[in-house]
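Residue numbers (my numbering): 26 to 258.
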């Protein structure tokens, strides 16, 4: 049976905190390298810095010397600050591109923005242009569209749906006015998160146009700037 000396717990926390900070710094360094390749919110670094500062401040308030002069309530306040910092850090990490998804550019193929009637409002291909299109490619595309339409008939609003066929993955996000479709070679959380961002942002900016659309698809040409911003190559 292993016995734990309760008196050693404060010293254990002193050891764990530097390890946690080192982990954050390593992640921040890798994240900083990826900023040059990916369009990520510029204030994410400030959020991470605030979380680290909050964690350190909370830890300082739990030191025995501080508690000796200011009372036990200081330790409770410090622990609360550390818990808040952990929660903020976890939330921030969820918005980051995971380590194993940094090469998402090699996996994305096409993005389609459809209205609720299935009309294509905007599309973008991330594949290199081909001089010829063979029959196999056309039949495969038609088959994929057929699968998507069948799936969309039963898709609820604000829900992510995934369709997989061999080495193709179709990610679908259905919202109030439009449907976002992303074709890729793998299923990635990055695609789900940013496809939802894309659809919701388009709806906010083009809400009135979507409600009173006259059929002119050129009105959605500026959507390419939103796509380039969210899916920056």
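The beta-carbon is built from N, C-alpha and C at its ideal position, and this holds for glycine as well.
Could you give the distance in angstroms between the alpha-carbon of residue 210 and the alpha-carbon of residue 193?
-> Rounded to whole angstroms, residue 210 and residue 193 show a C-alpha spacing of 5 Å.
Rounded to whole angstroms, how far is the Cβ of residue 147 from the Cβ of residue 133, which I believe are closer than 8 Å?
-> About 15 Å; that fails the 8 Å criterion.
Report the residue from 251, 201, 233 and 79 whose alpha carbon sits nearest the alpha carbon of residue 114.
-> Nearest option by C-alpha distance: 79.
For residue 77, which option in 92, 89 and 107 has the closest C-alpha, if you only look at C-alpha atoms?
-> Out of 92, 89 and 107, 107 has the C-alpha closest to the C-alpha of residue 77.
Outcome for residue 199 when other beta-carbon atoms lying within 10 angstroms are tallied against a minimum of 16 | Burial check for residue 199: the Cβ neighbour count within 10 Å reaches 16 or more, so the residue is buried.
Straight-line gap, residue 131 to residue 96 (C-alpha atoms, nearest Å) = Distance from the CA atom of residue 131 to the CA atom of residue 96, rounded to whole angstroms, is 56 Å.
Could you give the DSSP three-state label for residue 112: helix, strand or coil?
-> Residue 112: helix per DSSP, three-state reduction.
Count the other CB atoms within 10 Å of the CB of residue 206; is the residue buried (16 or more) or exposed (fewer)?
-> With 16 or more Cβ atoms within 10 Å of its Cβ, residue 206 is classed as buried.
Cβ pair residue 88, residue 140 closer than 8 Å = In this structure, residue 140 does not lie closer than 8 Å to residue 88 by Cβ.
Would a C-beta distance cut-off of 8 Å place residue 228 and residue 220 closer than the cut-off?
-> Residue 228 is not a Cβ neighbour of residue 220, given a cutoff of 8 Å.
Through-space distance from residue 94 to residue 257, alpha-carbon basis | Just so you know, the alpha carbons of residue 257 and residue 94 end up roughly 53 Å apart.
Beta-carbon spacing of residue 215, residue 231 below 8 Å = In this structure, residue 215 keeps its C-beta atom at 8 Å or more from the C-beta atom of residue 231.
Chain-order list of residues whose beta-carbon lies under 8 Å from that of residue 226 (same chain, five-residue window excluded) | 251 and 255.
Coil, strand or helix - residue 77 by DSSP | Helix, per DSSP.
Of the choices 143, 104 and 92, whose alpha-carbon is the least far from that of residue 81?
-> Looking at the Cα atoms, 104 is the closest of the given residues.
Around the C-beta of residue 243, are 16 or more other C-beta atoms found within 10 angstroms, so that it is buried, or is it exposed?
-> It is exposed - the Cβ of residue 243 has fewer than 16 other Cβ atoms within 10 Å.
Could you please give the first and the last residue of the uninterrupted beta strand (DSSP E) stretch that includes residue 134?
-> Start and end: 133–140.
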